[in-house]
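To start, the structure under review is shown below, and the notes come after it.
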Ligand SMILES: Cc1cc2nc3c(=O)[nH]c(=O)nc-3n(C[C@H](O)[C@H](O)[C@H](O)COP(=O)(O)O)c2cc1C
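Numbering (the numbering used here), first residue to last: 177 to 445.
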């Protein structure tokens, strides 16, 4: 491999290689303005479908908001102890406002262009806008690491749609898909191992055969359950703690409401 392609010789790859989620922050080390600016600028440099920037970043610094989010995001107290949080909102509201602002919804515009009258965003817009938001979030993660900040995604931000919508004043055609907590790490964080068996498939999707599944189970047990008494402990752990959890049920309920909100329907169960 060319030297510039290894994490040892390439600064960008080294940052990606060394990053791991940070859940404990140094209480006496504030996030500097320069760090905030670098992270937010890097987010804005992320690829964006048609350069439409179909997301907004809510910059959270008020303790009362952290405290409430800690509860709403499946009771994760570390959120209340983070010095900084960013919510990446998938956002088509800003385009609806722009369309309206320049007159795209007027009868004159419709008559002149032959285009359909106002339509609400659908799942097509969501597919690309969601990618915009998450790619920007990941740019922020890498930039944070590069400037000495740790970060952790909080997937539970999509729960409790009614309360989060009110807390963050989110209008219709928006959906808070990703949240990051950020700050100076309290301690060294060795990179978490990531499984790679059955990750990359050549040319076509290939459903796992028994030998591949065995290899996958073995790799995960080796990484996450080195003292497992029987094969498959990691898979069983994911099944019991995640796949069949109450929080996943809440996430599903809440996401249905968020998708309604996205499409301009009333956010009601
Ligand atoms: C979409 C997403 C949601 C996540 N949500 C949470 C969360 O709510 N709480 C948490 O402690 N970690 C959360 N994480 C962090 C993962 O647990 C972490 O990325 C994973 O264990 C791999 O570890 P690493 O990031 O240190 O490599 C989330 C990560 C992603 C990508």
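Glycine residues also receive a C-beta, built at the ideal position from the N, C-alpha and C atoms.
Please name the residue, chosen from 258, 219, 335, that lies closest to residue 351 on a Cα-to-Cα basis. Residue mapping note: residue 351 aligns to position 175 of the chain shown, counting from 1. The shortest Cα separation from residue 351 among 258, 219, 335 belongs to 335.
Which residue from 302, 204, 258 puts its Cα closest to that of residue 431? Here the question's residue 431 lines up with position 255 in the chain shown. Closest option to residue 431, Cα to Cα, is 302.
For residue 375, name the three-state secondary structure that DSSP assigns. Position 199 of the chain shown, counted from the first residue, corresponds to residue 375. Of the three classes helix, strand and coil, the one that applies to residue 375 here is coil, per DSSP.
If residue 332 and residue 423 are in contact, beta carbons under 8 Å, what's the gap, nearest whole angstrom? For the purposes of this step, residue 332 is taken as the residue at position 156 of the chain shown. For the purposes of this step, residue 423 is taken as the residue at position 247 of the chain shown. Correct: roughly 6 Å between the Cβ atoms.
Who are residue 263's beta bridge partners in DSSP? Here residue 263 refers to the residue found at position 87 when the chain shown is read from its first residue. Answer by DSSP bridge pairing, in chain order: 234, 355.
Between residue 353 and residue 387, is the Cβ-Cβ spacing less than 8 Å? Numbered from its first residue, the chain shown carries residue 353 at position 177. Numbered from its first residue, the chain shown carries residue 387 at position 211. No, they are not a contact pair.
Residue span of the beta strand (DSSP E) that contains residue 249, given as start and end: Taking the chain shown and counting its residues from 1, the one referred to as residue 249 is at position 73. No beta strand (DSSP E) holds residue 249; DSSP gives it neither H nor E.
Under 7 Å: does the beta carbon of residue 368 sit that close to some heavy atom of ligand 1? In the chain shown, the residue the question calls residue 368 occupies position 192. The answer is yes for residue 368.
Only counting the same chain, and skipping five residues up and downstream in sequence, which positions put a Cβ closer than 6 Å to that of residue 195? Indexing the chain shown from 1 puts residue 195 at position 19. The answer, listed in chain order, is 321.
What is the rounded straight-line gap between the Cα of residue 199 and the Cα of residue 405? Sequence index remark: in the chain shown, residue 199 carries index 23 (1-based). Sequence index remark: in the chain shown, residue 405 carries index 229 (1-based). Approximately 29 Å between the Cα atoms of the pair.
Does the distance from the CB of residue 313 to the CB of residue 264 come in under 8 Å? In the chain shown, residue 313 corresponds to position 137, counting from 1. In the chain shown, residue 264 corresponds to position 88, counting from 1. Contact: yes.
Any heavy atom of ligand 3 closer than 7 Å to the CB of residue 329? Ligand 3 is not among the ligands present in this structure, which contains only ligand 1.
Is it true that the stretch 354-365 meets the stretch 274-281, where meeting means three or more beta-carbon pairs spaced less than 8 Å apart? no
Could you tell me if the beta carbon of residue 199 falls within a distance shorter than 7 Å of some heavy atom in ligand 1? As a position in the chain shown, residue 199 is number 23, starting the count at 1. Because some heavy atom of ligand 1 lies under 7 Å away, the Cβ of residue 199 counts as near it: yes.
Taking the beta strand (DSSP E) that residue 327 falls in, what are its first and last residues? Residue mapping note: residue 327 aligns to position 151 of the chain shown, counting from 1. From DSSP, the beta strand (DSSP E) with residue 327 extends over 326-329.
What separation, rounded to the nearest whole angstrom, lies between the Cα atoms of residue 203 and residue 191? Mapped onto the chain shown, residue 203 falls at position 27. Mapped onto the chain shown, residue 191 falls at position 15. So the alpha carbons of these two residues sit roughly 23 Å apart.
Put residue 361 into one of helix, strand or coil per three-state DSSP. Here residue 361 is taken as the residue at index 185 of the chain shown, counted from 1. Residue state, collapsed to three classes: strand.
For residue 196, is the beta carbon positioned less than 7 Å from some heavy atom of ligand 1? As a first step, residue 196 must be located in the chain shown, where it is residue number 20. Yes, the Cβ of residue 196 comes within 7 Å of a heavy atom of ligand 1.
Is it the case that the Cβ atoms of residue 409 and residue 401 are separated by a distance below 8 Å? Position 233 of the chain shown, counted from the start, is the residue given in the question as residue 409. Position 225 of the chain shown, counted from the start, is the residue given in the question as residue 401. Cβ atoms of residue 409 and residue 401: closer than 8 Å.
Limits of the unbroken alpha helix (DSSP H) element including residue 315: Reading the chain shown from its first residue, position 139 is the one you call residue 315. From DSSP, the alpha helix (DSSP H) with residue 315 extends over 299-322.
Alpha helix (DSSP H) segment containing residue 217, residue limits: Your numbering for residue 217 matches position 41 in the chain shown. Residues 209-220.
If you check the beta carbons only, do residue 271 and residue 228 fall under 8 Å apart? Locating residue 271 in the chain shown gives position 95, where the first residue counts as 1. Locating residue 228 in the chain shown gives position 52, where the first residue counts as 1. In this structure, residue 228 lies closer than 8 Å to residue 271 by Cβ.
From residue 382 to residue 373, what distance separates their C-alpha atoms? Locating residue 382 in the chain shown gives position 206, counting from the first residue. Locating residue 373 in the chain shown gives position 197, counting from the first residue. Each residue's alpha carbon lies about 13 Å from the other.
Tell me where the alpha helix (DSSP H) around residue 439 begins and ends. What you label residue 439 is simply residue 263 of the chain shown in a count that begins at 1. Here residue 439 belongs to no alpha helix (DSSP H), and DSSP marks it neither H nor E.
List the residues that DSSP assigns as beta-bridge partners of residue 350. As a first step, residue 350 must be located in the chain shown, where it is residue number 174. Bridge partners of residue 350: 267.
Give me the Cα-Cα distance between residue 254 and residue 415, rounded to the nearest whole angstrom. Here residue 254 refers to the residue found at position 78 when the chain shown is read from its first residue. Here residue 415 refers to the residue found at position 239 when the chain shown is read from its first residue. Rounded to whole angstroms, residue 254 to residue 415 spans 24 Å at the Cα level.
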